[in-house]
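Residue numbers (UniProt numbering), protein chains in the order written: chain A, 1 to 242; chain B, 1 to 242; chain C, 1 to 242; chain D, 1 to 242; chain E, 1 to 242; chain F, 1 to 242.
By construction, the Cβ of each residue, glycine as well, lies at the ideal position given by its N, Cα and C atoms.
Notes follow the structure.
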């Protein structure tokens with residue numbers, strides 16, 4: 001069904017301002033994966049930051065029950081499953097790695113990533129799309145020092161894996177299911193790592209395979225950063241990366 | 001902000017096939033209220049219908065946390081709040097009132113109504129939009145007798161209320177908040193009642209007020225049925241109502 | 001078993017002061033339905049009323065496990081089922097519709113309706129009996145202005161439905177189970193509506209049927225108000241309705 | 001307020017057949033403590049008894065929220081508190097100690113003890129009253145061998161304690177609160193122990209005090225057995241104890 | 001396998017300072033039962049003691065999943081089972097019976113009893129071993145009056161039961177399973193009772209059997225107190241009992 | 001306090017057979033971190049493996065409340081926190097990466113890692129120590145083909161991080177707290193990667209820093225494999241690595 005090259009991203013479409021109620025609201029789609037990323041601010045911080053002058057950025061990730069086939073039960077039982085927890089912790093950490101929390105002031109930003117359709121790569125789509133919602137939200141906020149934007153760099157994420165023995169970029173569900181090694185990489189627009197999570201799925205991997213996956217991921221991140229820049233246009237808050 | 005007449009509906013837009021993973025997937029919007037209604041089928045029924053040859057239709061309703069401002073916490077604590085429960089029971093009941101469950105065969109249809117933006121009337125939008133997703137889903141299913149469609153009539157819903165002493169149709173959030181009496185009416189395309197829920201909000205109401213609200217609702221339902229007919233076009237499974 | 005006319009109520013017995021620990025404590029019985037209604041006051045209000053000078057009235061509804069046959073499990077699992085939630089919200093709303101909350105002062109009244117035996121009509125019995133417990137409780141309280149009673153009118157409730165094609169008043173379990181349309185009506189002693197909930201049970205209903213059910217309900221409410229007046233005797237806090 | 005002698009029981013009243021829906025239904029009252037004890041049977045057993053030909057007797061204990069002043073929250077949070085759990089385990093164990101479970105056949109008897117008013121001694125009232133409901137229920141059941149009654153002896157329970165340095169029988173709430181040592185004793189009509197639970201409340205006790213409390217309890221149990229005999233009249237399934 | 005006399009304890013080994021992070025940390029072992037007892041202090045008290053100058057001692061009891069064979073599930077479901085709750089309430093009560101809470105000052109001591117291996121008698125081992133951890137912890141604390149130790153006496157616990165018709169001391173799992181009557185006794189080093197819990201397991205017991213079990217328990221407690229004295233050596237905070 | 005070189009491991013001690021009830025039971029200690037790792041088998045598999053002939057290996061991770069100072073509450077509330085979930089998923093995945101699940105047959109192995117004392121590196125200690133318990137357990141099991149051991153290679157794990165700008169091996173709590181980048185690496189004895197998790201803690205990292213951390217980790221893993229080999233002695237099921 002997909003005839004992409006192994007080092008090619010799935011095509012991405014971005015719709016900013018998808019809903020009006022959240023200051024940041026982005027519908028991010030890459031083929032069969034669609035995530036509604038919204039960002040909103042509240043005048044509160046976690047208790048350990050009270051009085052510190054610093055803000056906080058957190059994320060919630062959720063797959064709507066009809067995002068998969070067969071339909072998945074809602075997580076209303078009081079048990080958020082382990083995978084959901086891991087992913088939302090990852091998203092929040094990724095944004096905080098580039099945040100200037102004192103520049104935010106004592107505000108809490110929540111980035112909600114609701115997966116409307118899932119075909120692999122929902123966590124990386126949530127980070128790449130959620131970054132856009134986060135910027136849109138931050139642009140509407142008053143901040144302690146207007147000249148200081150609360151993010152130091154952009155953030156994007158992509159997956160890579162060993163599928164049928166070959167390093168492959170941006171796995172869809174079918175590829176992810178077949179992968180022996182699965183890696184998620186979060187990087188800044190400036191090319192520094194934020195997070196590397198490489199996992200053998202009932203398999204192990206060598207130094208060479210690690211190097212190949214990291215190289216693929218770096219290529220993908222560069223293109224995604226370009227897409228983010230275009231989507232934000234004049235709202236891009238960093239120097240342009242050619 | 002709204003300059004509608006008191007007996008006028010908010011403008012409605014409908015997008016069928018919004019996501020591809022569910023056989024029925026409708027983005028239903030009336031001004032600031034946006035609901036993603038999806039319908040999907042599973043080859044199972046509640047235990048009390050096992051072996052009966054009859055199917056079942058159920059619904060789930062959920063407000064996404066960023067559908068309101070300020071943001072609302074996710075219902076993950078194991079406690080689905082009373083309002084949510086009431087609404088999703090109402091939606092399911094409304095569809096079952098016109099269903100021909102033996103014509104469905106032993107299948108479970110779940111209509112998910114996820115509110116992306118809330119500005120009043122989310123339960124009636126869920127019913128009116130969910131009906132469209134339900135039809136789209138039913139059209140894809142195999143059924144015991146192909147000549148027998150599992151719904152006998154269409155379903156639409158609208159609210160009406162006493163706002164500032166005047167009977168008013170299709171309340172948005174601000175109007176709903178100000179209303180002394182709030183009524184939700186679910187009706188068939190053929191003009192029969194499915195559900196009437198009229199509530200005095202720290203107030204009571206007279207026979208005359210009841211009559212006025214029911215008349216308004218009947219007008220609104222007629223227009224919504226027209227909108228449903230246009231949205232489904234050739235897929236409309238009932239005789240055309242002029 | 002029951003040979004009532006279709007427009008006749010089940011016989012009602014009322015025992016005030018059933019337990020001594022609650023200021024209002026009423027054992028309300030109509031044939032096979034027995035509800036222990038108690039009302040008690042606490043010197044607190046919900047957070048949104050703090051400092052407002054207004055009180056609040058809330059209700060809890062619970063079916064004891066042995067109120068039905070077969071026995072029903074206790075709701076201890078952390079999930080109060082949807083039906084319970086709907087009913088207790090309805091009961092609370094009904095009392096608040098006639099309440100003069102500033103006249104109550106900052107106090108919380110809880111009306112507990114514990115169903116000891118269930119044979120249909122437990123929610124309407126809870127409202128009609130709970131109203132008596134509420135009055136008994138309010139009479140023991142100090143209030144900001146002793147000359148101003150915190151209720152403006154009495155409240156009673158009754159069901160009506162279409163059973164075997166005929167409009168029928170005050171359904172017992174067997175009738176309720178067989179009903180195509182089920183309606184619960186809450187009214188004031190003065191004849192104004194507080195709540196109308198009419199539901200087609202896998203059925204729909206016409207304007208004429210609606211009118212017939214409302215007429216039956218009105219008759220029933222008038223008699224129940226009479227019974228309430230007699231039960232309270234000199235404690236009846238409103239003008240006598242002949 | 002109470003002018004009982006230290007070795008005197010509180011007066012007891014028993015109403016059998018209080019509700020009609022359960023085969024055993026007893027309203028048991030000793031001054032300010034009122035417990036509704038019901039017993040009902042189901043055609044099931046715990047998994048470890050499947051196919052064994054033996055039945056099981058279990059109990060549930062619950063304080064209604066309005067049984068105390070101030071009102072107590074319902075245990076709906078999914079956490080049954082430790083005290084409730086201890087008490088209902090004790091009640092079930094007490095009945096099983098005299099049960100002939102093979103004579104019961106594969107049936108589950110549940111004795112529900114719902115405390116309507118609490119003034120001390122609710123667990124012992126639950127056992128003494130619950131025994132009566134249990135007998136009434138067992139008398140309605142078919143059993144494998146009609147000549148073999150599924151209980152071998154009667155069961156009653158009473159408390160005793162050291163209050164103000166003096167051994168005292170059948171503590172009410174005020175006495176229980178003041179007691180340095182608190183003992184609950186469950187015995188058979190034939191005078192054998194089923195359970196002894198003696199607890200120093202931030203205090204310890206000597207051999208002599210233990211002996212005095214056991215002697216008081218024995219006296220109380222003898223009188224309660226007499227009361228049970230009278231309440232059941234001809235239904236008393238054991239030899240009469242003079 | 002065990003060739004102990006019926007009135008003989010299982011051999012006990014005690015390791016103080018087993019972990020370094022808790023001020024009291026004792027590995028207590030009697031044959032196949034191993035409990036890690038730790039005690040630690042926090043500068044807080046339950047709300048009802050705020051400002052009273054008194055401290056509190058509480059306990060938690062937990063069986064690790066691998067302490068039994070087959071493995072037992074972790075109690076993470078939000079439901080602590082009834083047995084666990086009963087045991088940890090018993091342990092806490094036992095220590096408080098000899099505590100001088102004003103001498104402790106406003107501090108909360110938690111004694112954690114984690115069962116690493118279970119072969120019967122885990123609750124009595126938790127009390128006997130937990131007492132040692134408690135003393136070690138108390139010795140490290142600052143207290144309002146250094147000359148006043150917050151415990152008045154030592155505490156130990158042992159079980160006894162009727163196995164194969166014979167009174168038997170210190171039951172292991174196999175004996176406990178076979179016992180018709182099971183008794184747990186908690187006593188002070190000075191020979192006073194703190195708690196007696198005697199239970200017929202689908203059986204009853206006579207005065208003579210009660211006396212025999214109490215005598216056995218008294219013997220066992222005397223030896224355990226001796227073992228505690230030796231384990232603490234110079235840290236024993238009470239007069240030596242020869 | 002610690003005077004280790006930056007590329008030096010903390011000293012490790014291993015005690016096999018720590019408890020007798022589990023076939024694998026290892027007390028694993030590296031300075032202030034002590035983990036009790038046990039492994040046990042049950043004759044069941046997850047539902048998706050029923051009838052497949054394959055077994056499964058899973059893990060549970062738990063910090064005892066007294067493993068930290070101040071004491072940590074038990075996870076009994078029904079919410080296992082995100083960190084715990086992440087860690088136990090990691091541990092299970094690590095063992096499955098080297099497992100030969102068909103060689104295990106339809107059995108479920110659970111590796112329980114209970115942290116008795118925590119001073120950093122509890123997840124890596126759980127993997128390195130848990131591997132030893134797993135081998136001990138597997139050696140006691142019957143398996144479909146006795147000549148085929150269900151593991152293909154050994155597994156060990158270690159952390160590395162950037163502390164004060166310098167790459168550092170095997171972080172204790174204080175170092176972990178101070179680290180800008182934190183990486184956990186799981187590898188086989190044969191030198192292949194199983195998992196790499198590198199995270200910037202409100203920081204990012206370069207290619208060079210990644211390379212330095214991976215090199216350190218590789219050194220640590222080699223030494224830990226040596227320690228595992230010595231601990232298992234003749235039970236080491238793989239070729240000796242010199």
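Asked	Found
Going by beta-carbon coordinates alone, are residue 57(A) and residue 109(A) separated by less than 7 Å?	yes
Let's test the definition: count the other Cβ atoms within 10 Å of the Cβ of residue 19(D) and tell me whether it reaches 16, buried, or not, exposed.	buried
Secondary structure at residue 80(B), three-state DSSP: helix, strand or coil?	coil
Put residue 199(E) into one of helix, strand or coil per three-state DSSP.	strand
Could you round the C-beta distance between residue 33(F) and residue 122(F) to whole angstroms and report it? I think they count as a contact, below 8 Å.	6 Å
Residue 152(C) and residue 100(C): beta carbons closer than 7 Å?	yes
Buried or exposed: which applies to residue 131(A), given that a residue is buried once 16 or more other Cβ atoms fall within 10 Å of its Cβ?	buried
For residue 156(F), does the three-state DSSP call read helix, strand or coil?	strand
Going along the chain, which residues of its own chain have a beta-carbon closer than 6 Å to the beta-carbon of residue 149(B), five neighbours each way excluded?	237
Are residue 115(D) and residue 63(D) close, meaning C-beta to C-beta below 7 Å?	yes
Output, in chain order, the set of chain A residues within a Cβ distance shorter than 7 Å of residue 199(F).	93, 195
Where residue 169(D) and residue 47(A) are concerned, what is the direct C-alpha to C-alpha distance, given to the nearest angstrom?	52 Å
Compare the C-beta of residue 66(C) against all C-beta atoms of chain D and say whether one is closer than 7 Å.	yes
Would you list, in chain order, the members of the region 19-30 of chain E that have their beta-carbon closer than 7 Å to a beta-carbon of chain F?	19, 20, 21, 22
Does DSSP put residue 235(C) in a helix, in a strand, or in coil?	helix
Hey, is residue 225(B)'s beta-carbon within less than 7 Å of any beta-carbon in chain C?	no
Please list, in chain order, the chain C residues whose beta carbon lies closer than 8 Å to that of residue 120(B).	Per Cβ cutoff of 8 Å: no residues; residue 120(B) is ~19 Å from chain C at best.
Which partner residues of residue 40(B) appear in the DSSP bridge assignment?	110(B)
Below 8 Å on C-beta distance, what does residue 36(B) contact in chain A?	64, 116
Measure the alpha-carbon distance for residue 3(B) versus residue 10(B) and round it to whole angstroms.	10 Å
Sort 111(D), 192(D), 38(D), 179(D) by Cα distance to residue 163(D) and report the nearest one.	179(D)
Closer than 8 Å between beta carbons: that is the criterion. Which residues of the UniProt domain "Exoribonuclease phosphorolytic" (154-219) of chain E meet it against chain F?	none
Rounded to a whole number of angstroms, what is the C-alpha to C-alpha distance between residue 230(A) and residue 14(A)?	10 Å
Between residue 39(B) and residue 133(B), which are expected to be in contact by the criterion C-beta below 8 Å, what is the C-beta distance as a whole number of angstroms?	4 Å
Rounded to the nearest angstrom, how far is the Cβ of residue 210(E) from that of residue 198(E), given a contact under 8 Å?	7 Å
Assign residue 132(F) to one of three DSSP states: helix, strand, or coil.	helix
Can you pull the DSSP bridge partners for residue 58(C)?	110(C)
Assign residue 52(A) to buried or exposed, taking buried as 16 or more other Cβ atoms, counted over all protein chains shown, within 10 Å of its Cβ.	exposed
Just checking: is the beta-carbon of residue 16(E) within a distance shorter than 7 Å of some beta-carbon in chain F?	no
Taking 7 Å as the threshold (C-beta atoms), are residue 55(E) and residue 107(E) in contact?	yes
Give me the Cα-Cα distance between residue 146(E) and residue 138(E), rounded to the nearest whole angstrom.	11 Å
Does residue 112(A) come within less than 7 Å of chain B when only Cβ atoms are used?	yes
Rank 186(A), 172(A), 29(A), 85(A) by C-alpha distance to the C-alpha of residue 97(A) and give the top, closest one.	186(A)
From which residue to which residue does the beta strand (DSSP E) around residue 167(E) run?	166-169
Between which two residues does the beta strand (DSSP E) holding residue 27(D) run?	24-30
What distance in whole Å lies between the Cβ atoms of residue 167(F) and residue 212(F), which are believed to be in contact at a cut-off of 8 Å?	4 Å
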